[in-house]
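S.K.:
Numbering (this note's numbering), first residue to last: 7 to 537.
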């Protein structure tokens, strides 16, 4: 027999055995206490698991519906879902399961459990002409019983019965020495070695001390500490746009010798960028020289001040057309126009754009070069909208580069965008940083840490928190290798710690290292025990 055929045969035998057990359970259910009983809206719902201790693989849930007088309710719409919520990197599992009517107000839901651990159970039943009854609860692989209660009721661990406190159930064992007639909690207490570790809470995890040491579990206490909110974000180094300078002339002409001949060239204020020839500038020089000669000739005349006015006007025109004082002085010394005029850098900085080469012709107002000082830069960071309460103009910031994370450069928030990006739900925060050594270059990625105002907050290490979708959990360390998951509400981050806004009290001991291993180990161990 091939392995595949052998597995098929075993599965068929399991299905037959399960059907027989369910049939016996449905027949005898009237004489035995159910695993769970819920009464609401004038409807009584009783539920029993088969097998009594759920296992990894095929399982079934037998349901019985009656009215307040005990009459069976047939033809009801019954829906059942069995699922395990996502935790950490583990996705959610399970969902709605098939339900079939068995007659006499009895129904059967079949489901497979793919791994150990605690699974959530949801039941909805609407008999004809009656109100909708809902119940929810949990079952745990390897633990007898089922927790089930109306929505909003007090949670009960697997192995307890949610029912009317005045209701009584038979406690005598069934014939043949079985204990199906006893209550589930009594069966658990009577089991060899007492109740399993999970009996105190449906999500409790118990690991042997050797395994705890092997996976490196370490715990820390939740502490009240005066901390400042810390927002971390990735940022991109950019130019300080307020310091950008464009080199554009007010005359047309041609480029002569080009000194700033490449993007990235560092230039100093007053340094020659390029020379140019312009017929308009040449004519303006001639006009200036003529005014100088006229002034000299008119010094002994009746109106020397008019000659002085012409000189000032001609000199002013040259200055407005970007001819510098050094070039004007050279024109005066030579006594003739310069064929090429030097255009000098208006600021010290780096050439970031170049639109010319030697011999290029240009028009008035055309941008020829763009220069930006890099002694101060911007960091454009993206912050999630949930972190905006901790960020404002003036908030101190520290910036680190990927290649030197230990070195932090101080800065300050200068701008917070009023618009949230729809796709990423982030907004732009601009940090201004002094950069005298020019270690930060435009286009570099940087890590930004924004520090808010300090206040007393309850914190735990960030490594203690597990995220499952929009929910967050920690594992309480109960001692002796026992751990219990606790849902918490996470606040702001502060360095390596995170604020717990709800769910913990000062002094609570939580798993700080090996948190995800505790979760995964518990499920793996339960699955192996069942197989």
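Here a beta-carbon is modelled for each residue, glycine too, at the ideal position from N, C-alpha and C. For clarity, every value in this text was computed on a predicted model and none was experimentally measured.
Which complete beta strand (DSSP E) runs does the segment 69-142 hold, if anything under 3 residues is left out?
M.R.: Counting only runs of 3 or more, we get 83-90, 99-103, 105-109, 112-119, 124-132.
S.K.: Give every residue of the same chain whose Cβ lies closer than 6 Å to the Cβ of residue 115, excluding the five residues on either side of it in the sequence, and list them in chain order.
M.R.: Here the set comprises 67, 86, 103, 105.
S.K.: The alpha helix (DSSP H) with residue 333 in it runs from where to where?
M.R.: Residue 333 -> alpha helix (DSSP H) spans 331-340.
S.K.: Secondary structure at residue 313, three-state DSSP: helix, strand or coil?
M.R.: If DSSP states are grouped into helix, strand and coil, residue 313 belongs with the helices.
S.K.: In three-state terms, what does DSSP make of residue 467?
M.R.: Residue state, collapsed to three classes: strand.
S.K.: On the DSSP bridge list, what partners appear for residue 245?
M.R.: Partner(s): 383.
S.K.: So is residue 196 buried or exposed if we call it buried at 16+ other beta carbons inside 10 Å?
M.R.: Because the pLDDT of residue 196 is 36, which lies under 50, any placement of that residue in the model is unreliable, and the number read from its coordinates should be weighed accordingly. Per the 10 Å Cβ criterion, exposed.
S.K.: Can you list, in chain order, the residues of its chain with a C-beta nearer than 6 Å to that of residue 423? Leave out the 5 residues immediately preceding and following it.
M.R.: Counting only Cβ-Cβ distances below 6 Å, and skipping sequence neighbours, we find 433, 434.
S.K.: Suppose the cutoff is 6 Å on Cβ atoms and the five residues either side in sequence are ignored; what does the same chain contact list for residue 300 look like?
M.R.: Only 313 meet the Cβ criterion.
S.K.: I want to know whether the segment 256-271 touches the segment 350-361 - three or more CB-CB distances under 8 Å.
M.R.: Flag = yes, the segment 256-271 and the segment 350-361 touch.
S.K.: Taking Cβ positions, are residue 371 and residue 249 nearer each other than 9 Å?
M.R.: Contact: no.
S.K.: For residue 165, count neighbouring C-beta atoms within 10 Å of its own C-beta (all shown protein chains included) and say buried if the count is 16 or more, exposed if not.
M.R.: Confidence in residue 165 is poor, its pLDDT being 41 and thus under 50, which makes the residue's placement unreliable; the coordinate value appears in the next sentence. It counts as buried.
S.K.: Just to confirm my understanding: we take residue 429, look at its own chain, exclude 5 residues before and 5 after, and list those with CB closer than 6 Å. What are they?
M.R.: Nothing meets the Cβ criterion.
S.K.: Hey, how far is the Cα of residue 481 from the Cα of residue 466?
M.R.: If I take the Cα positions, the gap works out to 12 Å.
S.K.: At the level of alpha carbons, what is the spacing between residue 508 and residue 151?
M.R.: Approximately 31 Å, taken between the alpha carbons.
S.K.: Roughly how many angstroms lie between the CA atoms of residue 460 and residue 450, to the nearest whole one?
M.R.: For residue 460 and residue 450, the distance between alpha carbons rounds to 31 Å.
S.K.: With DSSP as the reference, label residue 190 as helix, strand or coil.
M.R.: In this prediction, residue 190 scores a pLDDT of 37, lower than 50, which makes its location untrustworthy; no coordinate-derived value is stated.
S.K.: Taking DSSP as the reference, what is the three-state secondary structure of residue 2?
M.R.: Since the first and last residues shown for the chain are 7 and 537, residue 2 lies out of range.
S.K.: Starting from residue 499, follow the beta strand (DSSP E) in both directions and report where the run begins and ends.
M.R.: It spans 488-500 - the beta strand (DSSP E) in which residue 499 sits, taken as one unbroken run.
S.K.: Considering only the alpha carbon of each residue, which of 215, 364, 291, 464 lies closest to residue 340?
M.R.: The candidate whose alpha carbon is nearest that of residue 340 is 291.
S.K.: Which one or two residues does DSSP pair with residue 259 in a beta bridge?
M.R.: In the DSSP output, where bridge partners are listed per residue, residue 259 has 368.
S.K.: Who does residue 434 pair with in a DSSP beta bridge?
M.R.: The partner list for residue 434 (beta bridge, DSSP) reads 388.
S.K.: If you drop the 5 nearest sequence neighbours on each side, which residues of the same chain put their C-beta closer than 8 Å to that of residue 493?
M.R.: Excluding residues within five positions, the ones whose Cβ falls inside 8 Å are 477, 478, 479, 509.
S.K.: Which same chain residues end up closer than 8 Å to residue 214 when comparing Cβ atoms and leaving out the 5 residues on each side of it in sequence?
M.R.: Counting only Cβ-Cβ distances below 8 Å, and skipping sequence neighbours, we find 487.
S.K.: Can you tell which of 77, 383, 410 has its C-alpha closest to the C-alpha of residue 448?
M.R.: The residue with the shortest Cα to Cα distance from residue 448 is 383.
S.K.: Quick one: grab the DSSP three-state call for residue 354.
M.R.: Coil, per DSSP.
S.K.: Could you tell me how far apart the beta carbons of residue 70 and residue 111 are, in whole angstroms, since I believe they sit closer than 8 Å?
M.R.: Residue 70 to residue 111, Cβ: 6 Å. Contact.
S.K.: Going by alpha carbons, who is nearest to residue 520 out of 504, 500, 496, 471?
M.R.: Among 504, 500, 496, 471, the Cα nearest to that of residue 520 is on 471.
S.K.: Could you tell me the alpha carbon to alpha carbon distance between residue 396 and residue 458, rounded to whole angstroms?
M.R.: The alpha-carbon atoms of residue 396 and residue 458 are separated by roughly 6 Å.
S.K.: Return the bridge partner residues of residue 451 from the DSSP annotation.
M.R.: DSSP, once it has assigned bridges, lists 242 as partnering residue 451.
S.K.: Going by DSSP, what residues sit across from residue 62 in a beta bridge?
M.R.: Looking at the DSSP assignment, residue 62 forms no beta bridge with any residue, so it has no partner.
S.K.: Alpha carbon to alpha carbon, how far is residue 344 from residue 320? Give it in angstroms, no decimals.
M.R.: Approximately 15 Å, taken between the alpha carbons.
S.K.: So with Cβ pairs under 9 Å, would you call residue 504 a contact of chain B?
M.R.: The chain inventory of the structure shown lacks chain B, comprising one protein chain alone.
S.K.: Where does the unbroken beta strand (DSSP E) through residue 233 begin, and where does it stop?
M.R.: 229-233 is the extent of the beta strand (DSSP E) around residue 233.
S.K.: Taking buried to mean at least 16 other C-beta atoms within 10 Å of its own C-beta, is residue 235 buried or exposed?
M.R.: The residue in question, residue 235, is buried, as its Cβ has 16 or more Cβ neighbours within 10 Å.
S.K.: Identify, in the order they occur along the chain, each residue of the same chain with its Cβ nearer than 7 Å to the Cβ of residue 538, setting aside the five sequence neighbours on each side.
M.R.: There is no way to answer for residue 538, as the model of the chain reaches only from 7 to 537.
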